[in-house]
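**Q**
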Amino acid sequence: MDYNKNDHKITVKTIEKHIKVSSDGVVIAETDDALMLSEQGHGDTVYIPVRDAKLKYFKESPTKSKCPYKGTADYYSLNINGNEKKDAVWRYIKPSLDFIPIKDYMAFDQNSIDKIEM
0 MDYNKNDHKI TVKTIEKHIK VSSDGVVIAE TDDALMLSEQ GHGDTVYIPV RDAKLKYFKE
60 SPTKSKCPYK GTADYYSLNI NGNEKKDAVW RYIKPSLDFI PIKDYMAFDQ NSIDKIEM
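So the sequence shown is numbered by numbering that gives the first Met the number 0: it starts at 0 and just counts up by one.
(1) Please name the residue or residues paired with ASN110 in a DSSP beta bridge.
(2) Quick check on the DSSP output: what are the complete beta strand (DSSP E) runs of length 3 or more inside the region 28-58, in order along the chain?
(3) Does DSSP classify ILE99 as helix, strand or coil?
(4) Report the rounded CA-to-CA distance for LYS8 versus GLN109, giving the unit in angstroms.
(5) Thinking C-alpha only, which one of LYS65, LYS69, ILE27, ALA106 is nearest ALA52?
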């Protein structure tokens, strides 16, 4: 999917690899159905299906942010073995119509996780 509005380009592509996300040495998500969102000025972000995340480590946060293209993002904190990482994960529960492909997917703050293995 390619999106280009007001010279702002965003691309969403399927990742044809097995993806594993870990934080504090614990695998918190693992999937074969990830997406790569590439946004002008923001770089690449891996999005994992919510169904493939270990939700016991996620706690809903009151934080929200607004993207003029994708819509409103809802945030979640990670809590692994008592170590909380505030607003480490976000998702667009009701994305704008152009970004329906990322509904039911979540992304991770690179500073809050150990790594994303591909």
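Built from N, CA and C at the ideal position, the CB exists for glycine as well.
The structure displayed is predicted, hence computed values, not measured ones.
**A** In brief:
(1) Stepping through the sequence shown from its first residue, residue 110 is reached at position 111. According to DSSP, which records beta bridges pairwise, ASN110 is partnered with nothing at all.
(2) 34-38, 42-48
(3) The residue labelled residue 99 in the question sits at position 100 within the sequence shown. Reduced to three states, the DSSP call for ILE99 is helix.
(4) Within the sequence shown, residue 8 is the residue found at index 9, counting from 1. Within the sequence shown, residue 109 is the residue found at index 110, counting from 1. Cα-Cα distance, rounded: 22 Å.
(5) Residue 52 sits at position 53 when you count from the first residue of the sequence shown. For the set LYS65, LYS69, ILE27, ALA106, the Cα lying nearest the Cα of ALA52 is the one of ILE27.
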